[in-house]
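Take a look at the structure set out below.
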Amino acid sequence: MKKSLKILIILFFISFSVFGQNKWAETHSIVNPVKLNKIKIFELTSEKVINLFGKPTKTDIIWSEYDDENITYYTYGKSYFAFRPNKNLHDFEIKDRAINNISVIINNHSVGDSLEKLKKYYYKSNINMSNNEVRIHLVTSDFNLSSSIITFKITNESIESMELVNLN
Numbered sequence: 003m004k005k006s007l008k009i010l011i012i013l014f015f016i017s018f019s020v021f022g023q024n025k026w027a028e029t030h031s032i033v034n035p036v037k038l039n040k041i042k043i044f045e046l047t048s049e050k051v052i053n054l055f056g057k058p059t060k061t062d063i064i065w066s067e068y069d070d071e072n073i074t075y076y077t078y079g080k081s082y083f084a085f086r087p088n089k090n091l092h093d094f095e096i097k098d099r100a101i102n103n104i105s106v107i108i109n110n111h112s113v114g115d116s117l118e119k120l121k122k123y124y125y126k127s128n129i130n131m132s133n134n135e136v137r138i139h140l141v142t143s144d145f146n147l148s149s150s151i152i153t154f155k156i157t158n159e160s161i162e163s164m165e166l167v168n169l170n
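So the sequence shown is numbered by my numbering: it starts at 3 and just counts up by one.
What follows is the structure in structure tokens.
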């Protein structure tokens, strides 16, 4: 009886710990869900981008040797979103504060925002800033590093652009 009670208590604390870690992952901005205008980055599709920002000013299909597939680029002004053939997001670069009169916001940050605001949310990444870039490694809810990185490029103490790279 005592042994099964101990096991039950240990299992309770383990499950409580795992639940707490997942809650931490849900509420911290460096982990999923990183959002672009309230849409989770990993749920962005070409349809959702078009619904959000309208028809792109230019569309290009470019063969990717690395991915061994065609990547479709939707260009909006100085910004672009790239999609795989299944219409899932491959990567993006945002150099505009607004696209078609809609503010572009990633986790409360936009092009033109001050570096001080970014420091508040990504303090450790700002300390390790190099080449005027603040890199945020995305972490999944199970605490594994994903292969995706959001890079904030800084010029004159403000965000010049935001870029997502290496999305699997």
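Ideal Cβ placement from N, Cα and C applies to all residues, glycine included. From a predicted model like this one, the values you see are computed outputs, not experimental measurements.
is_contact[residue i, chain D] using C-beta, thresh 8 Å
| i | result |
| --- | --- |
| T157 | Considering every chain present, this structure includes no chain D. It has just one protein chain. |
Boundaries of the beta strand (DSSP E) in which residue i is found, first to last residue
| i | result |
| --- | --- |
| S116 | Element bounds for S116: n/a, residue is neither H nor E. |
| T59 | Element bounds for T59: n/a, residue is neither H nor E. |
| F85 | 81-85 |
| I138 | 135-141 |
Where residue i falls, given that 16 or more other Cβ within 10 Å makes a residue buried
| i | result |
| --- | --- |
| S254 | Nothing in the structure corresponds to residue 254, since the chain is present only between 3 and 170. |
| P58 | buried |
| H139 | exposed |
| S150 | buried |
| S127 | buried |
| I64 | exposed |
Reference residue i; option with closest CA among the options
| i | options | result |
| --- | --- | --- |
| N72 | K119, D62, F55 | D62 |
| S163 | F94, K119, E45 | F94 |
| S130 | R86, S112, V141, T153 | Checking the sequence, you will find Asn at residue 130 rather than Ser. With distances taken between Cα atoms, N130 lies closest to T153. |
| K122 | S48, N110, K40 | N110 |
| L91 | S132, T47, K40 | T47 |
Residue range of the alpha helix (DSSP H) that includes residue i
| i | result |
| --- | --- |
| N53 | 48-55 |
Cβ separation of residue i and residue j, assumed to be a contact under 8 Å, to the nearest whole Å
| i | j | result |
| --- | --- | --- |
| V51 | F83 | 5 Å |
| D115 | I161 | 5 Å |
| S81 | D98 | 5 Å |
As assigned by DSSP and simplified to three states, the class of residue i
| i | result |
| --- | --- |
| Y68 | coil |
| E95 | strand |
| E159 | coil |
| Y76 | strand |
| K37 | strand |
| I107 | coil |
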